[in-house]
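S.K.: Note that the numbering used here has the sequence shown beginning at 2, numbered continuously upward. We treat Cβ as the ideally placed atom computed from N, Cα and C, and that holds for glycine. Have a look at this one.
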Amino acid sequence: MIGALQPWYLWLKAFHIIALIAWMAATFYLPRLFVYHCQVTPGGPESERFKVMERLLLRAIMTPAMLTTLLFGVLLVLTPGVIDWSAGWWHVKLTAVAGMFAFHGFCARWRSDFARDANRHTERFYRMANEVPTVLMIVIVIMVVVKPF
């Protein structure tokens with residue numbers, strides 16, 4: 002624990018939430034772009050436009066927001082008194098956060114597939130995948146706010 006972080010707790014928390022909002026917005030939008038990308042001819046002008054949008058969203062917004070969320074989250078965890086390590090909610094939240102990182106990785110792989118005109122999934126797949134971060138976010142927020150166990 003780093004005691005010097007205590008006076009900064011509310012600022013760390015605020016920046017963590019801001020970064021999380023940016024990450025979630027991009028995480029909701031990228032799979033939606035994949036849905037639309039499935040509807041166009043691979044290699045065509047519309048497909049090329051989607052490739053640019055997907056690359057910029059992932060590299061300029063989604064990944065930096067994820068890394069910033071991680072940074073401020075780690076700083077919060079290192080702040081004394083923030084986490085009761087024996088509480089069950091913390092472990093559930095951490096598992097859901099790991100799921101968010103995994104989903105981010107899957108999105109990066111899917112974007113890479115589209116970039117090579119090698120998409121292997123259907124429009125329906127991406128519509129369903131788009132729900133995953135919503136479920137994970139609900140679990141995370143309930144664990145942090147309600148702390149049910």
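Given a threshold of 16 other Cβ atoms within 10 Å of its Cβ, counted over all protein chains shown, does F102 qualify as buried or as exposed?
M.R.: exposed
S.K.: Which residues in the same chain as I22 place their Cβ atom closer than 6 Å to its Cβ, once the five residues preceding and following it in sequence are excluded?
M.R.: Taken in chain order, the list of residues that qualify is empty.
S.K.: Report the option in W90, G44, V146, L34 whose CA atom is closest to the CA atom of A130.
M.R.: Of the candidates W90, G44, V146, L34, L34 places its Cα closest to the Cα of A130.
S.K.: Could you round the C-beta distance between F156 and T28 to whole angstroms and report it? I think they count as a contact, below 8 Å.
M.R.: With the chain running from 2 to 150 in the structure shown, residue 156 is simply not present.
S.K.: Taking all protein chains shown into account, do 16 or more other C-beta atoms lie within 10 angstroms of the C-beta of I18, making it buried, or fewer, making it exposed?
M.R.: exposed
S.K.: So is P134 buried or exposed if we call it buried at 16+ other beta carbons inside 10 Å?
M.R.: buried
S.K.: In its own chain, which residues sit with a C-beta less than 8 Å from the C-beta of G74, not counting the 5 before and 5 after it?
M.R.: H17, V98
S.K.: Taking only runs of the alpha helix (DSSP H) that begin and end inside the region 89 to 144, which ones reach a length of at least 4 residues, in chain order?
M.R.: 89 to 116, 124 to 130
S.K.: In this structure, how does DSSP classify L79 when only helix, strand and coil are distinguished?
M.R.: coil
S.K.: When DSSP labels each residue in this structure, what does W86 get in the three-state scheme?
M.R.: Three-state DSSP puts W86 in coil, outside helix and strand.
S.K.: Spell out a yes or no on whether the region 2 to 14 and the region 76 to 88 are touching, meaning 3 or more CB-CB pairs, one atom from each, closer than 8 Å.
M.R.: yes
S.K.: Could you tell me the distance, in whole angstroms, from the CA atom of I143 to the CA atom of G100?
M.R.: Going from the Cα of I143 to the Cα of G100 covers about 15 Å.
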